[in-house]
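Enquirer: Position 83 of the sequence shown, counted from 1, bears residue number 83 in the UniProt record's numbering, the numbering being contiguous throughout.
First, the structure itself, so that you have it in front of you.
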Amino acid sequence: MIVPVVVVVEEEEEVVVVVVVVVVVVVVVVVVVVVVVVVVVVVVVEVVIVVVVVVAAAVVVVVVVEVVVVVVVVVVVVEVVVVVSSSSSSSSSNSSSSSNSSSSSSSSSSSSSSSRSSNSSNNNNSSSSSSTNSSTNSSMLCYIRSLSALAN
């Protein structure tokens with residue numbers, strides 16, 4: 001009877017060892033699977049981070065290019081406006097100077113005509129004064145003659 005009990009005990013020990021080995025293998029497999037899953041998750045997260053950084057950099061580059069284009073367009077428009085306004089002011093100053101010269105020429109012509117009319121009026125005055133003087137002289141001569149005739 002003793003021998004079968006020993007044999008049974010040995011079989012139980014083998015079963016326990018097999019169970020322990022199976023449990024250890026399962027635990028190791030689970031740990032390996034967990035580690036692999038963690039590594040895959042970390043790699044995926046890093047790839048997502050890299051993609052996000054690349055997209056953000058592309059967006060920043062596009063925004064900077066758009067801002068530069070807008071600034072260049074604004075500068076060109078301002079230069080065109082300045083050139084157009086300066087040319088229009090130059091043409092208006094030219095037209096005002098020509099109108100000033102024409103008004104000055106008309107003023108000089110009017111002043112010359114006024115001086116002519118003044119000269120003609122002076123000539124008329126002098127001729128009228130000379131005619132007045134001659135009529136006064138003739139009346140004085142008539143008076144003197146009549147006085148001398150009365151005296152005789």
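From the three backbone atoms N, C-alpha and C, an ideal C-beta is built for every residue, glycine too.
Whole angstroms are fine: how far does the CA of Val75 sit from the CA of Val51?
Expert: Position 51 of the sequence shown holds residue 51. Position 75 of the sequence shown holds residue 75. Val51 and Val75: Cα-Cα distance of roughly 36 angstroms.
Enquirer: Roughly how many whole angstroms lie between the Cα atoms of Val37 and Val48?
Expert: In the sequence shown, the residue the question calls residue 37 occupies position 37. In the sequence shown, the residue the question calls residue 48 occupies position 48. Spanning the two alpha carbons is a distance of roughly 16 angstroms.
Enquirer: In chain order, what residues of the same chain lie with their CB nearer than 6 angstroms to the CB of Val19, ignoring the 5 residues before and after it?
Expert: Within the sequence shown, residue 19 is the residue found at index 19, counting from 1. Hits under 6 angstroms: none found.
Enquirer: Between residue 155 and Val55, what straight-line distance do the alpha-carbon atoms span, to the nearest angstrom?
Expert: Missing from the structure shown is residue 155; the chain here goes from 1 to 152 and no further.
Enquirer: Note down the Cα distance separating Val82 from Val62, rounded to an integer number of angstroms.
Expert: The residue labelled residue 82 in the question sits at position 82 within the sequence shown. The residue labelled residue 62 in the question sits at position 62 within the sequence shown. Roughly 30 angstroms separates the two Cα atoms.
Enquirer: Quick one: does Val73 have its CB under 8 angstroms from some CB of chain B?
Expert: Reference to chain B is not applicable here, since this structure consists of a single protein chain.
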